[in-house]
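Worksheet: the structure to be examined is printed underneath.
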């Protein structure tokens with residue numbers, strides 16, 4: 139029984155991920171847009187909230203960060219940074235090969251707002 143509880147604890151901890159962990163992966167989408175970082179973020183964020191109510195948006199030193207996470211894991215991170223007259227966009231996903239619920243709509247929002 140102790141072995142089972144120990145294995146379960148390790149499995150749960152292994153499942154935890156932060157935005158920094160997710161950003162260790164290559165971006166699923168990397169693009170540029172003529173929109174300002176703020177305008178682009180305000181285009182994507184409501185669409186993400188429609189799909190995943192846990193979506194959050196925060197301002198960074200160089201733009202904005204959108205995150206979709208649960209209590210234990212970060213699933214999606216969208217980094218939007220100022221670049222000249224527009225901005226650069228990078229979408230990072232915890233498991234890019236997985237088609238989790240709503241993921242297609244999240245990716246579509248990133249592309250459609252460009």
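In the numbering used here, the protein residues as written are 139 to 252.
Here a beta-carbon is modelled for each residue, glycine too, at the ideal position from N, C-alpha and C.
It should be emphasised that the depicted structure is a prediction, and the values quoted were computed from it without experimental measurement.
For residue i, write down the residues that DSSP places opposite it in a beta bridge.
i: residue 207; result: 212
i: residue 197; result: 202
i: residue 166; result: Residue 166 is not bridged to any residue.
i: residue 220; result: 225
i: residue 171; result: 225
Note the first and the last residue of the continuous alpha helix (DSSP H) segment covering residue i.
i: residue 229; result: Residue 229 -> not in any alpha helix (DSSP H); beta strand (DSSP E) instead, spanning 224-231.
i: residue 244; result: 241-250
Pick from the options: whose alpha carbon is nearest that of residue i?
i: residue 248; options: 174, 168, 194 and 200; result: 168
i: residue 211; options: 193, 202 and 226; result: 193
i: residue 197; options: 190, 205 and 191; result: 205
i: residue 126; options: 216, 226, 222 and 191; result: Because residue 126 is not part of the residues shown, which for the chain are 139 to 252, the question remains open.
i: residue 199; options: 182, 213 and 218; result: 218
i: residue 203; options: 189, 182 and 163; result: 182
i: residue 225; options: 184, 250 and 175; result: 175
i: residue 241; options: 195, 185 and 227; result: 185
Give the DSSP-derived three-state secondary structure of residue i in the structure shown.
i: residue 176; result: helix
i: residue 144; result: Model confidence at residue 144 stands at a pLDDT of 44, short of 50, so the residue's coordinates are unreliable; what they give is reported in the following sentence. Helix at residue 144.
i: residue 190; result: coil
Are the beta-carbon atoms of residue i and residue j separated by less than 8 Å?
i: residue 177; j: residue 201; result: no
i: residue 252; j: residue 171; result: yes
i: residue 214; j: residue 244; result: yes
i: residue 173; j: residue 230; result: no
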